[in-house]
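Read through the structure below, which is laid out as structure tokens, and then see the notes.
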Amino acid sequence: HLYFSPAVKAGGFVFVSGQASVDETGTIIAGTFAEEFQRTFANVRKVLAGAGMTLDDVVRVTSYLARQEDLEEYNRIYRDVFSDPPPARTTLSNCLGDKPAIKYEVDVIAYRDPS
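First residue of the sequence shown: 1277, per my numbering; consecutive thereafter.
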């Protein structure tokens, strides 16, 4: 079992640890790229809600794709997650190992003015 915080609050920032297509116990739920992407962002929404934030508060996204071949689909479905202007973003591909158990992982940084 991994030891990490789902998120850490610092001032007006919330740093969300890497999220993937897993259930409440951490068991991987495999599926198509789109299914794993949607489940991953459902988990992000839950973590943000626990910190009193939403996806509208996200200012930075780092995405990890298991396969470069999923980049086009990723770009297409990513647009449906965030309103304009979207957060700053970095996307890395072919970075989840030789035989990845997951197709997608993401970590985000959210911000809300504490005043």
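For each residue, glycine too, the CB sits at the ideal point set by N, CA and C.
Please work out which residues of its chain come closer than 6 Å, Cβ to Cβ, to residue i, disregarding the five sequence neighbours upstream and downstream, and give them in chain order.
i     : result
V1323 : P1282, A1283 and V1292
R1365 : V1337
Q1344 : S1369 and N1370
D1389 : G1288
Less than 8 Å between C-beta atoms, sequence neighbours within five positions excluded: which residues of the same chain meet that for residue i?
i     : result
I1304 : A1296, S1297, V1298, A1377 and I1378
Y1350 : F1309, F1313, S1339, L1341, T1367 and Y1380
S1359 : D1332
Hey, residue i and residue j: beta-carbon distance below 8 Å or not?
i     : j     : result
T1338 : V1290 : no
G1294 : Y1387 : no
V1334 : P1363 : yes
A1327 : K1375 : no
With a threshold of 16 other CB atoms inside 10 Å of the CB of residue i, please say whether the residue is buried or exposed.
i     : result
L1341 : buried
R1355 : exposed
D1332 : exposed
S1391 : exposed
N1319 : buried
Leaving out five residues on either side along the sequence, give the residues of the same chain with a beta carbon under 7 Å from the beta carbon of residue i.
i     : result
I1353 : A1310 and F1313
F1317 : V1357
Could you have a look at residue i and say whether DSSP puts it in helix, strand or coil?
i     : result
L1331 : helix
G1294 : strand
T1303 : coil
K1270 : This structure leaves residue 1270 out entirely; the chain is present only between 1277 and 1391.
D1383 : strand
R1289 : Looking at the sequence provided, one finds Phe at residue 1289 rather than Arg. Residue state, collapsed to three classes: strand.
A1342 : coil
T1366 : strand
R1388 : coil
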